[in-house]
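Read in order, the letters of the sequence shown are residues 177 to 409 in our numbering.
Even for Gly, the Cβ is constructed at its ideal location relative to N, Cα and C.
Below: the structure, in structure tokens.
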Amino acid sequence: MMNKKINQKKISVIEYYSLTNLNLLISNKPINRYSNNNQIFNKTEELEKLKKQINEIKNCDLKASSKNVVFGDGNPDSKIMLIGEGPGAQEDIKGVPFVGAAGQLLDKMLKAINLDRSVVYISNVVNFRPPNNRKPTDGEIKKYYPFLKKHIEIINPKILVLLGATALNAIIGKENSISKIRGSWINKSIGNSNLDIITTFHPAFLIRKPDQKKFAWNDLKLLKKKIDKLNII
Ligand code: URA
Numbered sequence: 177m178m179n180k181k182i183n184q185k186k187i188s189v190i191e192y193y194s195l196t197n198l199n200l201l202i203s204n205k206p207i208n209r210y211s212n213n214n215q216i217f218n219k220t221e222e223l224e225k226l227k228k229q230i231n232e233i234k235n236c237d238l239k240a241s242s243k244n245v246v247f248g249d250g251n252p253d254s255k256i257m258l259i260g261e262g263p264g265a266q267e268d269i270k271g272v273p274f275v276g277a278a279g280q281l282l283d284k285m286l287k288a289i290n291l292d293r294s295v296v297y298i299s300n301v302v303n304f305r306p307p308n309n310r311k312p313t314d315g316e317i318k319k320y321y322p323f324l325k326k327h328i329e330i331i332n333p334k335i336l337v338l339l340g341a342t343a344l345n346a347i348i349g350k351e352n353s354i355s356k357i358r359g360s361w362i363n364k365s366i367g368n369s370n371l372d373i374i375t376t377f378h379p380a381f382l383i384r385k386p387d388q389k390k391f392a393w394n395d396l397k398l399l400k401k402k403i404d405k406l407n408i409i
């Protein structure tokens, strides 16, 4: 009689759990809390982890000749991510992207459409300074691409702004020249991020060729229009 009573109690509890879906509580299966969709994962921790992985890269001439890893700057929660080429001398010293002459022009370009580093996020194709500011080789771009892809996945932007041919090659490919592709939007998915991508001239190029600034200004206006349309600031 006593046994029957206990069993009836157990059955009621099990019925209650199954009705309310609380059987999750008594499951031995771990709950996956890492989800890009509901942002349960910790962005700051993920970025720190990625920075550490890049800093521990093995057999890399770029790292061997650099002072610092140059990872990212700006607002990691931004929906607008800018990608440059690679650190220069100033960036190498400070460990922050776009702080030299090109960075100063980039800040002016952002300001022209009411943006600044508090509302965008900035990184580069390679995270260590190529010696004498040479362009990163195809091999170096390939080597750093998994880091860049992961970086984009963590930031999860809606808009990607590619600054110059190296960023264009790394993200879109080598088929299109920058002069043909700049000023138009490309849609592409990287990881879970569905991205609207625009390419414009690199600020260092604009310092050398100021007559090209009018084209960059057009691209910036397109960027501003898209930001307003998506309502992401
Ligand atoms: N040029 C780049 O492409 N990136 C920097 O961080 C600085 C200059």
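Task: Chain-ordered residues, beta carbon under 7 Å from a heavy atom of the ligand URA - done: Val-246, Gly-260, Glu-261, Gly-262, Pro-263, Gly-264, Glu-267, Pro-273, Phe-274, Gly-276, Ala-278, Gly-279, Asn-300, Leu-339, Gly-340, His-378, Ala-380
Task: Range of the contiguous beta strand (DSSP E) that encloses Ile-230 - done: Unbroken run through Ile-230 is the alpha helix (DSSP H), 219-231; no beta strand (DSSP E).
Task: Simplified DSSP state of Thr-375, which is helix, strand or coil - done: strand
Task: Distance between beta carbons of Pro-307 and Thr-342, contact taken as under 8 Å - done: Actually they are not in contact, since the Cβ atoms of Thr-342 and Pro-307 sit about 15 Å apart, beyond 8 Å.
Task: Straight-line gap, Asn-352 to Phe-377 (C-alpha atoms, nearest Å) - done: 14 Å
TODO: Mind the definition here: the region 385-399 touches the region 279-295 only if three or more C-beta pairs lie below 8 Å; say whether that holds.
DONE: yes
TODO: Measure the C-alpha to C-alpha separation of Pro-322 and Lys-186 and round it to an integer number of angstroms.
DONE: 52 Å
Open item on the list: Tell me the DSSP secondary structure of Asp-253 in three-state form.
Closed with: coil
Open item on the list: Given a cut-off of 9 Å on the beta-carbon distance, is the pair Leu-371 and Ile-289 in contact?
Closed with: no
Task: Environment of Asp-237 [buried if 16+ CB atoms lie within 10 Å] - done: exposed
Open item on the list: Please identify the residue among Val-302, Lys-318, Ser-365, Ile-298 whose C-alpha is closest to the C-alpha of Asn-231.
Closed with: Val-302
TODO: Go ahead and label Leu-396 buried or exposed: buried means 16 or more other beta carbons lie within 10 angstroms of its beta carbon, across all protein chains shown.
DONE: buried
Task: Span of the alpha helix (DSSP H), counted from its first residue to its last, around Asn-394 - done: 389-406
Open item on the list: For Val-245, which residues in the same chain have their Cβ closer than 7 Å to its Cβ, ignoring the five residues on either side in sequence?
Closed with: Lys-227, Ile-230, Asn-231, Gly-271, Asn-303, Phe-304
Task: Cβ-based burial, Gly-264 [other Cβ within 10 Å; buried from 16] - done: buried
Task: For Ile-335: DSSP bridge partner residues - done: Ile-256, Asp-372
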